[in-house]
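Protein chains in written order, with our numbering: chain A, 3 to 119; chain B, 3 to 119.
Every residue gets a Cβ at the ideal spot worked out from N, C-alpha and C, and that includes glycine.
To keep things clear, I will list the structure first and then write my remarks on it.
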DNA sequence: TTGACGTATTCCCTTATGGGTATATGATTG
DNA sequence: CAATCATATACCCATAAGGGAATACGTCAA
């Protein structure tokens, strides 16, 4: 098997920095494709392709407005990611880190004088 | 160019479900590779390969213990992801009321120095 | 209608994935 | 030393990525 498709889920879709940029821009409000093209400094086809991926995982929604297509953010699919990450939040808190170090030291000490079995 | 390497950053590393599982397991404590092999139901080489990726983005640390290698979690590289996602938290909490005002302001500011139309 | 504009799709190309399988490396025991 | 356990690496393969460039499609203006 190859790597999972970028359209598999929000995790994969958002792994691409350009797509994160797009979401960041759309967080400020609806925008047509050409706006994004200008702001991202990318060629139009690549932007459209990124938008397609985001659409497929429902991170953006489209609305036709004349010959333009207005894209807007739909952040809901990001919630699962946030939830998953929140479970690790304690790990990077200082109190936890302190404890971690203590445990590490204990382990090291143990290794030194516990060479019997 | 092809897709960014899985070892580029935590975003890419964590896009793979198996690697998320591994982190979840290691969150409960240090474990040798064979433990993970059993728990994941994966072949040993694939587990080692996933662990290599996680090591390269510093999401896990290793410690030699006899002929075993004890892997442990280092969640810190996940913090940036969590931070990025937190900016969107309001979106799925339906708490647009407060945020809307900020967004409107941003839009106005942008209109001034942006050369659209 | 024609033509310009805004956007999407297609094709080419290089690169790397992740699983499977075989084998190499390292440490421990006898 | 050899044999064995624990883990890492090397290969092969099918798949798809993301950028570049060309082109197709849909809408609006004249």
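8 Å Cβ cutoff, residue i in contact with chain B
| i | result |
| --- | --- |
| residue 7(A) | no |
| residue 73(A) | no |
| residue 22(A) | yes |
| residue 84(A) | yes |
| residue 49(A) | no |
| residue 87(A) | yes |
Proximity test, Cβ basis, 8 Å: residue i and chain A
| i | result |
| --- | --- |
| residue 99(B) | Reliability fails at residue 99(B), whose pLDDT of 49 lies under 50, so the model's placement of it is uncertain and no value is given. |
| residue 93(B) | yes |
| residue 16(B) | yes |
| residue 27(B) | no |
| residue 81(B) | yes |
| residue 78(B) | yes |
Limits of the beta strand (DSSP E) - the one that residue i falls within
| i | result |
| --- | --- |
| residue 138(A) | For residue 138(A) there is no data in the structure shown, the boundaries of chain A being 3 and 119. |
| residue 64(A) | 62-67 |
| residue 74(A) | 70-75 |
Neighbourhood of residue i by C-beta, 8 Å cutoff - its chain only, sequence neighbours within 5 removed
| i | result |
| --- | --- |
| residue 70(A) | 34, 35 and 36 |
Contact under 8 Å by Cβ, residue i with residue j
| i | j | result |
| --- | --- | --- |
| residue 59(A) | residue 15(A) | yes |
| residue 42(A) | residue 84(B) | no |
| residue 38(A) | residue 93(B) | no |
| residue 52(B) | residue 22(B) | no |
| residue 29(B) | residue 80(B) | no |
| residue 77(B) | residue 73(A) | no |
| residue 17(A) | residue 17(B) | yes |
Cutoff 7 Å; reference residue i; Cβ partners in own chain excluding five residues on either side
| i | result |
| --- | --- |
| residue 57(B) | 64 |
| residue 55(B) | 8, 9, 15 and 21 |
| residue 62(B) | 28, 53, 56, 73, 74, 75 and 76 |
| residue 133(A) | Only positions 3 to 119 of chain A appear in the structure, and residue 133(A) is not among them; the question remains open. |
Endpoints, alpha helix (DSSP H) assigned at residue i
| i | result |
| --- | --- |
| residue 85(A) | 81-88 |
| residue 58(A) | 46-58 |
| residue 94(B) | 91-94 |
| residue 40(B) | 35-42 |
| residue 7(A) | It is not in any alpha helix (DSSP H) - residue 7(A) carries neither H nor E in the DSSP assignment. |
Neighbourhood of residue i by C-beta distance below 6 Å, restricted to the same chain and skipping five residues each side
| i | result |
| --- | --- |
| residue 32(B) | 72 and 74 |
| residue 68(A) | none |
| residue 46(A) | 39 |
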